[in-house]
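Numbering (the UniProt record's numbering), first residue to last: 1 to 357.
Heads up, the beta-carbon is just placed ideally off N, CA and C, and yes, glycines get one too.
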């Protein structure tokens, strides 16, 4: 190995490799070291012991080092490991490394490193001192590993757990709000129980659509299908839906899901779906606006019994109007025409779209 002299007999023992019997010649030590270093998947660097500026010089790297970093042996000989550092390399980690080496000890750490082509990777490395029989420091040996995939997975898991916690808390808040509002508008515990069960079912269907989308964006058509299936979605044209592909963020899916459920429930009890030949058409489109595009969702009932406007704003109507405005900066217009209920829901795309889709 270029740069390594007969002191290399210390490398194997100094790097912590136990042998059944001492290797008595430097040549045997060197052959064993090269065999091990060139077989492992981790990068191996051997440097000089000198810590004075510019620091330890690289004397050997194994093939795995080349695979990880893109540097060939002849490109790094005589260089310092600092060639792997860059703008996002953590200086405090490097300071800990320096302090450990000044004490002649080992070091284990993780930091952002840079390949020959300038791309980043997350490096996990262990540095060990190599000493001769008299205890004099001869080299540093470092085993290095690219742990970028592992670290990204860990970071993604933390983000997912945080998002899950946020959404669970939001769902609990929604349940609390529903229970409070229903308590004000129902006249008996039986009525309260039935009404709450219906709304919790709607929340569950919205959550089911979110989970089916792997906690990512929720297709509006899938949400409509999940919420309106109990009211005849897809059954002989009773409830039909059409519109462009729109992917909602989870919070918007919950709000729109509740609104669709309330409209479906009202149609089943009092509107078009209470009659044998009643129909519901659900359509949506994106409309350009002066301050940004807007999603418009229209609900149109036909074929039902003649209806009259309600004398008071019930729970469902208030939920649609108030929650849509508060949560999505949207608006709702509902008309009770003789031929059926017509509802137009609108919200800025910026408040409902999943930005990752």
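For residue 242, which residues in the same chain have their Cβ closer than 6 Å to its Cβ, ignoring the five residues on either side in sequence?
Here residue 242 refers to the residue found at position 242 of the chain shown. Correct list, in chain order: 283.
If distances are taken between C-alpha atoms only, which option among 128, 139 and 122 comes closest to residue 154?
Here residue 154 refers to the residue found at position 154 of the chain shown. Ranking 128, 139 and 122 by Cα distance to residue 154 puts 122 first.
Measure the CB-CB distance between residue 316 and residue 263 and report whether it falls below 9 Å.
Your numbering for residue 316 matches position 316 in the chain shown. Your numbering for residue 263 matches position 263 in the chain shown. Against a cut-off of 9 Å, the Cβ pair of residue 263 and residue 316 comes out as a contact.
In whole angstroms, what is the alpha-carbon distance linking residue 23 and residue 40?
In the chain shown, residue 23 corresponds to position 23, counting from 1. In the chain shown, residue 40 corresponds to position 40, counting from 1. The predicted position of residue 23 is uncertain, since its pLDDT is 48 and thus under 50; a value taken from the coordinates is nonetheless stated next. Cα-Cα distance, rounded: 21 Å.
Starting from residue 119, trace the alpha helix (DSSP H) both ways and give me its first and last residue.
Residue mapping note: residue 119 aligns to position 119 of the chain shown, counting from 1. No alpha helix (DSSP H) contains residue 119, which DSSP labels as neither H nor E.
Please classify residue 54: is it buried, with 16 or more other beta-carbons within 10 angstroms of its beta-carbon, or exposed?
To locate residue 54, count along the chain shown from 1; it is residue 54. It counts as exposed.
Excluding five sequence neighbours on each side, which residues of the same chain lie with their C-beta closer than 6 Å to the C-beta of residue 110?
Here residue 110 corresponds to residue number 110 of the chain shown, with the count starting at 1. Result list for residue 110: 124, in chain order.
Using only alpha-carbon positions, find the residue among 319, 346, 30 and 329 that is nearest to residue 180.
As a working mapping, residue 180 is identified with position 180 in the chain shown. Checked all of 319, 346, 30 and 329; the closest Cα to residue 180 is 319.
What residue range is occupied by the uninterrupted beta strand (DSSP E) comprising residue 275?
Taking the chain shown and counting its residues from 1, the one referred to as residue 275 is at position 275. Per DSSP, residue 275 belongs to no beta strand (DSSP E) and is neither H nor E.
Under 9 Å, do residue 324 and residue 280 count as touching if we go by C-beta distance?
Within the chain shown, residue 324 is the residue found at index 324, counting from 1. Within the chain shown, residue 280 is the residue found at index 280, counting from 1. Cβ distance not < 9 Å, so residue 324 and residue 280 don't count as in contact.
Shortest alpha-carbon distance to residue 239 belongs to which of 278, 45, 250 and 204?
Stepping through the chain shown from its first residue, residue 239 is reached at position 239. With distances taken between Cα atoms, residue 239 lies closest to 278.
Given 8 Å as the limit, is there contact between the segment 323-342 and the segment 292-306, that is, 3 or more CB pairs closer than that?
Yes, since at least three Cβ pairs between the segment 323-342 and the segment 292-306 fall closer than 8 Å, the two stretches touch.
So is residue 197 buried or exposed if we call it buried at 16+ other beta carbons inside 10 Å?
Against the chain shown, residue 197 aligns to sequence position 197. Exposed.
DSSP state of residue 241, grouped into three classes?
Taking the chain shown and counting its residues from 1, one reaches residue 241 at position 241. Strand.
Just reading off the alpha helix (DSSP H) that residue 74 is part of, what are its end residues?
For the purposes of this step, residue 74 is taken as the residue at position 74 of the chain shown. First-last of the alpha helix (DSSP H) with residue 74: 73-76.
Using DSSP with H/G/I as helix, E/B as strand and the rest coil, what is residue 187?
In the chain shown, counting from the first residue as 1, residue 187 sits at position 187. Residue state, collapsed to three classes: coil.
Tell me which residue opens and which closes the beta strand (DSSP E) that residue 420 is part of.
No answer is possible for residue 420: it lies beyond the span of the chain, which begins at 1 and ends at 357.
Please name the residue, chosen from 134, 137, 60 and 78, that lies closest to residue 33 on a Cα-to-Cα basis.
As a working mapping, residue 33 is identified with position 33 in the chain shown. When each option's Cα is compared against that of residue 33, the closest is 60.
What does a CB cutoff of less than 8 Å around residue 270 pick up in its chain, not counting 5 residues either side in sequence?
Along the chain shown, one-based indexing puts residue 270 at 270. For residue 270, where only same-chain residues beyond five positions count, the Cβ hits under 8 Å are 307.
Note down the Cα distance separating residue 90 from residue 97, rounded to an integer number of angstroms.
Working through the chain shown from its first residue, we reach residue 90 at position 90. Working through the chain shown from its first residue, we reach residue 97 at position 97. Cα to Cα, residue 90 sits roughly 11 Å from residue 97.
So, helix, strand or coil for residue 348, using DSSP?
To locate residue 348, count along the chain shown from 1; it is residue 348. Note: residue 348 maps to strand in three-state DSSP.
Taking 9 Å as the threshold (C-beta atoms), are residue 250 and residue 218 in contact?
As a first step, residue 218 is located in the chain shown; it is residue number 218 there, counting from the start. As a first step, residue 250 is located in the chain shown; it is residue number 250 there, counting from the start. Their beta carbons are under 9 Å apart, which means residue 218 touches residue 250 by this criterion.
Going straight from the alpha carbon of residue 257 to that of residue 229, what length do you get?
As a first step, residue 257 must be located in the chain shown, where it is residue number 257. As a first step, residue 229 must be located in the chain shown, where it is residue number 229. Going from the Cα of residue 257 to the Cα of residue 229 covers about 12 Å.
For residue 108, does the count of other Cβ atoms within 10 angstroms reach 16, so buried, or fall short, so exposed?
On the chain shown, position 108 is the one that residue 108 refers to. Looking at its Cβ environment, which holds fewer than 16 other Cβ atoms inside 10 Å, residue 108 is exposed.
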